[in-house]
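4 protein chains.
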Amino acid sequence: MSLKRHFTLTLSCPDQIGIVAAVSDFLAKHHGWITESSNHADEENQRFFMRQEILADSFQLDLCGFCDAFAPIARRFGMDWRVADSAQKKRVVILVSKLEHCLYDLLARWKAGELEVEIPCVISNHDTFRDLVEWHGITFHHVPVTPDNKAGAYARVAHLFDEARADVMVLARYMQVLSPDMCRDYAGRIINIHHSFLPAFSGGKPYHQAYQRGVKLIGATCHYVTEELDEGPIIDQDVIRIDHSDSIPDLVRYGRDIEKTVLARGLRYHLEDRVLTHGNRTVVFR
Amino acid sequence: MSLKRHFTLTLSCPDQIGIVAAVSDFLAKHHGWITESSNHADEENQRFFMRQEILADSFQLDLCGFCDAFAPIARRFGMDWRVADSAQKKRVVILVSKLEHCLYDLLARWKAGELEVEIPCVISNHDTFRDLVEWHGITFHHVPVTPDNKAGAYARVAHLFDEARADVMVLARYMQVLSPDMCRDYAGRIINIHHSFLPAFSGGKPYHQAYQRGVKLIGATCHYVTEELDEGPIIDQDVIRIDHSDSIPDLVRYGRDIEKTVLARGLRYHLEDRVLTHGNRTVVFR
Amino acid sequence: MSLKRHFTLTLSCPDQIGIVAAVSDFLAKHHGWITESSNHADEENQRFFMRQEILADSFQLDLCGFCDAFAPIARRFGMDWRVADSAQKKRVVILVSKLEHCLYDLLARWKAGELEVEIPCVISNHDTFRDLVEWHGITFHHVPVTPDNKAGAYARVAHLFDEARADVMVLARYMQVLSPDMCRDYAGRIINIHHSFLPAFSGGKPYHQAYQRGVKLIGATCHYVTEELDEGPIIDQDVIRIDHSDSIPDLVRYGRDIEKTVLARGLRYHLEDRVLTHGNRTVVFR
Amino acid sequence: MSLKRHFTLTLSCPDQIGIVAAVSDFLAKHHGWITESSNHADEENQRFFMRQEILADSFQLDLCGFCDAFAPIARRFGMDWRVADSAQKKRVVILVSKLEHCLYDLLARWKAGELEVEIPCVISNHDTFRDLVEWHGITFHHVPVTPDNKAGAYARVAHLFDEARADVMVLARYMQVLSPDMCRDYAGRIINIHHSFLPAFSGGKPYHQAYQRGVKLIGATCHYVTEELDEGPIIDQDVIRIDHSDSIPDLVRYGRDIEKTVLARGLRYHLEDRVLTHGNRTVVFR
């Protein structure tokens, strides 16, 4: 991704001849200097996906002008589309429970300037990491979740998220299952890290399941949250080799490194508008 | 593994103090020069596993003498054990259907001297690879399998295997499900390569399943065949990265490379007596 | 890559606004259905690279017509460019010495239909693999190389390559250093597999070097041959984990699997016109 | 590694018959329950390496008693040896410059209880990370290094290290070359993370070197520091795939993830007494 200010156009539409020509003609007409351009034709579904990064300074229109001028083309081809401006930092709300490795890792990346986002707040069902979060200058909300108050708790989470005008919610080992309503309301905006190589070992205690089955690799999966637990579109996955000498605590420890890396990578793809979904599959323009 | 002639002792038994001392004392007494020694204490199951490679020339007894002398120790600790002599090449029977990449790969390794075994015969339910096999100087048996003749066909396979005095049967993409009887009779002696990262995508058409689920890595699993399909103890696994641009034929093609490598590696571990099983898990002394 | 007949346009040129627009407009005008499209803007060198796959049946011109019609655009932007027709199979000449694993692997892929090329001949400085090659129905040339006859031997190789109207020469563990002249005359058309992770361990006996240095991973590199030994543009690389228990023969054995895979992958990229070079670096449109 | 208190015996000596018997007999005699046992016979150098983990509660002697009782055996075989008690936490001093990712990662692992050590202090040639370190409750020393004060600065570092009675010094992207004296005085106790796959790209700016050479994988190496820059015994290495679209800042970013993981893994091996060196090579009992 270019370090200079840029617009990122992403779109998908039914495939047909002339899409690239129409879009690139549009960009060239307005003097748009393309720094990165990716597209994918899904033959099976006859659908076309595209992502264009354009230097903002080179383009003759501002963001609104871009949208207005592009709308007729989008209509013509029946596009799902959006344009992002890198000058507007994305806003990320992190949810965590009692394991801090993913939270810590995201905060470290943010503090080191690797993750260029706003983090308006961190929400947790435990008060454990208040100090860590507040030391980073970030607001911490303790929203307990009990069997009786689930509805209320999730309403509170949703309210905090909306109030923060956040773009994406990251479940950084948040050990609660969100309500179906919430999954639907924020579809494509909630990212989870699951500690197994999905679809293997979905549900609870995946490292225990992996140990019992005697697999020789363990993994982690970063995916969008949908109503069906651990079934959402996969953004990224990775694995690490283990062997018979590794106990369950060893798997947990190895797994943490994979979880951190895969979550950070998947989140980055999302933040840079590299992920387009279609049904339950993703196109990730690396 | 030492290139010189050696004995390989493998054993497992309930864990207790003094096992290593007893075994190593026994080996030292007979002047056994240990070139490789591995052991593993499974805390959860309180079971101990061991593998010792001893230079045959250094040891004062021959194979029979070794066994006789070791038997009392084995009895004392309640060991499951065996001793192999590297001078006796293992005998491998390969089963194949209509995809040759694994067969070809095994034959190439054998011809190049990498795989030091006897291959008394190759058995197939199709006649397709007769020439390939026979050019290598190996007997080819065509044993057709139809819905009506399954029992007879498997009896024929078992007969050929027994007649060949073979040690291990390799299902090199043999697209038939063996009978429960056969799985039981040859437990721990039939090795299969499944074209997915088990337990994900067991059963048929795993690459299609992987494509539909939208995973970002595909894999292969080498395992012992048991009565339950794709549920046997796993010897080795590996994966390769894919992305949205890969069609199902691409997955099939990438997968072949993983299948070949994982099968060859798993088979090698088995042939070198590196694999010990306990329940549905394996100890693999790499 | 599409399985249907297609044209593949590859080009590079100084970067400027309007390249994508001009090319895609050209393709759309002639009704070209794009199945795969990749491009890359090299900011450091201000150079633009592109690869387009177009369904041949959809395009209104034949290959000659394509070239004629595209030439003015190419001139305008100062492009290095070419168009390939998938109906014309590429012709591959393989050179080998006394280690057959890469040769065997390529033949197996070719026989299984994975590698859709013509193999007019295999050339070797030893007669060892004549039978293997001829069994596959391929001509085998024995061209001995001695300290005294190098010039003559390489002239003979070049002659056989030209006579075969071959597109690419694959050094499949060919243990001779080609002459500078030959490297220059066939620049970008000779692919080598080096058995180390370059630039580490260039030159002879890389596995020995790796063992002495005590590295924890070994690798292989597929690259174009240039006058400077092991310094040509890298197409692909991979590594495998080793540890202290692995002897030099073990490294050699593990390495073979990496060499086979990396060579096959790099060759495939080349054959599908996915590799564009600029100076000593490659753009590989996977 | 067992979570219960244990003794770890590590040794190496010229190889001969009877070493394992002598050691295991010794352990059994004192009722030592072995939870992990590894050994390696280096055929080339005729040297034997061993590591034994014994439950402290099972063993009839305390640490001193262990040492006294074992000394005669060690003498007999000419062993280099040591015994560690897991109840005595190792003491780690971290050195850092202006890039915090490795420091942050180590602190996070320490805070989460994954890294069970004492960190008496962090030393830096810059004051940048004082707050971060002090928030963790760890002493921070700012020891500036200028061309004129090098000797004095390193003397100060050595003094702080000694004063802290530290076991190991970790150069977590410490961008200063230590003096030859210091490397010698603390041989085997200083661990560095180098941001390349050594021996490729030793010295400065390895990511720039990697970019210029056009490699397809980048890596990191954790090694002991010796007088010769980047030439010390390698503990661990890893790589990550890159491609033409990755700029130097991208390589730097990907590289950080590898550096963190490899350093944490290498340090862990060291802390658990899993690393034995012989000349410039390491035996790492994973």
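Chains as they are written, first to last, in this note's numbering: chain F, 1 to 286; chain R, 287 to 572; chain L, 573 to 858; chain X, 859 to 1144.
A virtual CB, placed ideally from N, CA and C, is assigned to each residue, including glycine.
field: Minimum length 3: unbroken beta strand (DSSP E) runs contained in the stretch 166-245 of chain F
entry: 168-171, 190-194, 217-224, 234-241
- prompt: Looking only at C-alpha atoms, which of E894(X), N1050(X), L957(X) sits nearest to V824(X)?
  reply: The first residue shown for chain X is 859 and the last is 1144, placing residue 824(X) beyond what the model contains.
message: Is there a Cβ of chain X sitting closer than 8 Å to that of N331(R), yes or no?
response: What you label residue 331(R) is simply residue 45 of the second sequence in a count that begins at 1. No, N331(R) does not count as interfacial toward chain X.
query: For T1135(X), which residues of its own chain have a beta-carbon under 6 Å away from its beta-carbon, when the five flanking residues on both sides are left out?
result: For the purposes of this step, residue 1135(X) is taken as the residue at position 277 of the fourth sequence. Once the five neighbours on either side are set aside, the close Cβ partners of T1135(X) are P1091.
message: So if DSSP puts T607(L) in a beta bridge, which residue, or which two residues, is it bridged to?
response: As a first step, residue 607(L) is located in the third sequence; it is residue number 35 there, counting from the start. For T607(L), which the question treats as bridged, DSSP gives no partner whatsoever.
- request: For the stretch 760-792 of chain L, enumerate the residues whose C-beta is nearer than 9 Å to any C-beta of chain R, in chain order.
  value: none
message: Could you tell me the alpha carbon to alpha carbon distance between E706(L) and T700(L), rounded to whole angstroms?
response: Start at 1 with the first residue of the third sequence, and residue 706(L) comes out as number 134. Start at 1 with the first residue of the third sequence, and residue 700(L) comes out as number 128. Looking at the two C-alpha atoms, the distance is approximately 12 Å.
query: Does the stretch 575-586 of chain L touch the stretch 536-544 of chain R, meaning 3 or more C-beta pairs lie closer than 8 Å?
result: no
message: Counting only Cβ pairs nearer than 7 Å, list the residues of chain R close to R130(F).
response: As a position in the first sequence, residue 130(F) is number 130, starting the count at 1. Within 7 Å Cβ-Cβ: nothing; R130(F) doesn't reach chain R, min ~35 Å.
message: Residues of chain R with CB closer than 9 Å to the CB of W891(X), please, in chain order.
response: Taking the fourth sequence and counting its residues from 1, one reaches residue 891(X) at position 33. Those are D301, Q302, I303, A327, listed as they occur along chain R.
query: Under the rule that 16 or more other beta-carbon atoms within 10 Å means buried, what is A1024(X), buried or exposed?
result: Start at 1 with the first residue of the fourth sequence, and residue 1024(X) comes out as number 166. Buried is the call here.
query: Going by C-alpha distance, which of C693(L), C794(L), F620(L), H602(L) is nearest L633(L)?
result: Residue 633(L) sits at position 61 when you count from the first residue of the third sequence. Taking only the C-alpha atoms, the option nearest L633(L) is H602(L).
query: So D80(F) is in the beta strand (DSSP E); what residue range does that whole segment cover?
result: One-based indexing of the first sequence puts residue 80(F) at position 80. Element bounds for D80(F): 80-85.
- request: Could you tell me whether any Cβ in chain X is nearer than 8 Å to the Cβ of V306(R)?
  value: Here residue 306(R) is taken as the residue at index 20 of the second sequence, counted from 1. For V306(R), the answer is yes, since a Cβ of chain X falls inside 8 Å of its Cβ.
field: Closer than 8 Å to chain X by CB, D311(R)
entry: To locate residue 311(R), count along the second sequence from 1; it is residue 25. Chain X contact via Cβ: present.
query: By Cβ distance, which residues of its chain are closer than 7 Å to I981(X), with the 5 residues on each side in sequence left out?
result: The residue given as residue 981(X) occupies position 123 in the fourth sequence. Closer than 7 Å at the Cβ level, and outside the excluded window around I981(X), lie V951, L953, H999, V1001, V1015, L1018.
- request: Please state whether DSSP places V284(F) in a helix, a strand or coil.
  value: The residue labelled residue 284(F) in the question sits at position 284 within the first sequence. Three-state result, V284(F): strand.
- prompt: In chain L, what lies closer than 9 Å to R368(R) by C-beta?
  reply: Looking up residue 368(R) in the second sequence gives position 82. Neighbours of R368(R) on chain L: none; closest Cβ ~22 Å, over 9 Å.
- request: Note down, in chain order, every chain L residue with its Cβ under 7 Å from the Cβ of S37(F).
  value: Stepping through the first sequence from its first residue, residue 37(F) is reached at position 37. Neighbours of S37(F) on chain L, chain order: V592, N611.
field: L341(R) versus P358(R) - alpha carbon distance
entry: Counted from its first residue, the second sequence places residue 341(R) at position 55. Counted from its first residue, the second sequence places residue 358(R) at position 72. Straight-line Cα distance between these residues: approximately 22 Å.
field: chain L residues whose Cβ lies nearer than 8 Å to that of A394(R)
entry: Position 108 of the second sequence, counted from the first residue, corresponds to residue 394(R). The contacting residues are E672, H673, Y676, D677, A680.
field: Proximity of G1062(X) and D1094(X) at Cβ, strictly below 8 Å
entry: Your numbering for residue 1062(X) matches position 204 in the fourth sequence. Your numbering for residue 1094(X) matches position 236 in the fourth sequence. No, the pair does not count as a contact, with Cβ atoms beyond the cut-off.
query: What's the gap between the Cα of F483(R) and the Cα of T866(X)?
result: Taking the first residue of the second sequence as 1, we reach residue 483(R) at position 197. Taking the first residue of the fourth sequence as 1, we reach residue 866(X) at position 8. Each residue's Cα considered, the two are about 36 Å apart.
- prompt: Residues bridged to F426(R) by DSSP?
  reply: Position 140 of the second sequence holds residue 426(R). For F426(R), which the question treats as bridged, DSSP gives the partners V408(R).
field: V595(L) - DSSP class collapsed to helix/strand/coil
entry: Counting from one through the third sequence, the residue named residue 595(L) turns up at place 23. Here V595(L) sits in helix by DSSP.
- prompt: Between which two residues does the alpha helix (DSSP H) carrying V975(X) extend?
  reply: On the fourth sequence, residue 975(X) is found 117 positions in, with the first residue counted as 1. Per DSSP, V975(X) belongs to no alpha helix (DSSP H) and is neither H nor E.
- request: With 8 Å as the threshold, decide whether the Cβ of A360(R) is near any Cβ in chain X.
  value: For this step, residue 360(R) is matched to residue 74 along the second sequence. No, no contact with chain X.
- prompt: In angstroms, rounded to a whole number, what distance separates the CA positions of A772(L) and R905(X)?
  reply: Taking the first residue of the third sequence as 1, we reach residue 772(L) at position 200. Taking the first residue of the fourth sequence as 1, we reach residue 905(X) at position 47. Taking the straight line joining both Cα atoms gives about 28 Å.
message: Considering only their Cβ atoms, is the gap separating P120(F) from R76(F) smaller than 8 Å?
response: As a working note, residue 76(F) is residue 76 in the first sequence. As a working note, residue 120(F) is residue 120 in the first sequence. Contact: no.
For L965(X), the nearest candidate out of T997(X), R940(X), L861(X), N983(X) (CA to CA): Taking the first residue of the fourth sequence as 1, we reach residue 965(X) at position 107. Checking every option, the nearest Cα to that of L965(X) belongs to T997(X).
- request: Measure the C-alpha to C-alpha separation of D829(L) and T547(R) and round it to an integer number of angstroms.
  value: Counting from one through the third sequence, the residue named residue 829(L) turns up at place 257. Counting from one through the second sequence, the residue named residue 547(R) turns up at place 261. Going by the C-alpha atoms only, they are around 7 Å apart.
- prompt: If you check the beta carbons only, do S1232(X) and M1040(X) fall under 8 Å apart?
  reply: Outside the shown range of chain X, which is 859 to 1144, sits residue 1232(X), and nothing can be said about it.
Extent of the continuous alpha helix (DSSP H) to which E706(L) belongs: Walking along the third sequence from the start, residue 706(L) turns up at place 134. 702-707 is the extent of the alpha helix (DSSP H) around E706(L).
query: Closer than 8 Å, CB to CB, is A914(X) near chain R or not?
result: Counting from 1 along the fourth sequence, the entry for residue 914(X) is found at position 56. No - not a single Cβ of chain R is within 8 Å of the one on A914(X).
message: If I follow the unbroken alpha helix (DSSP H) through L562(R), where does it start and stop?
response: Position 276 of the second sequence, counted from the start, is the residue given in the question as residue 562(R). No alpha helix (DSSP H) contains L562(R), which is instead part of the beta strand (DSSP E) from 561-564.
field: Contact check, A593(L) vs S38(F), beta carbons under 8 Å
entry: Numbered from its first residue, the third sequence carries residue 593(L) at position 21. Numbered from its first residue, the first sequence carries residue 38(F) at position 38. No.
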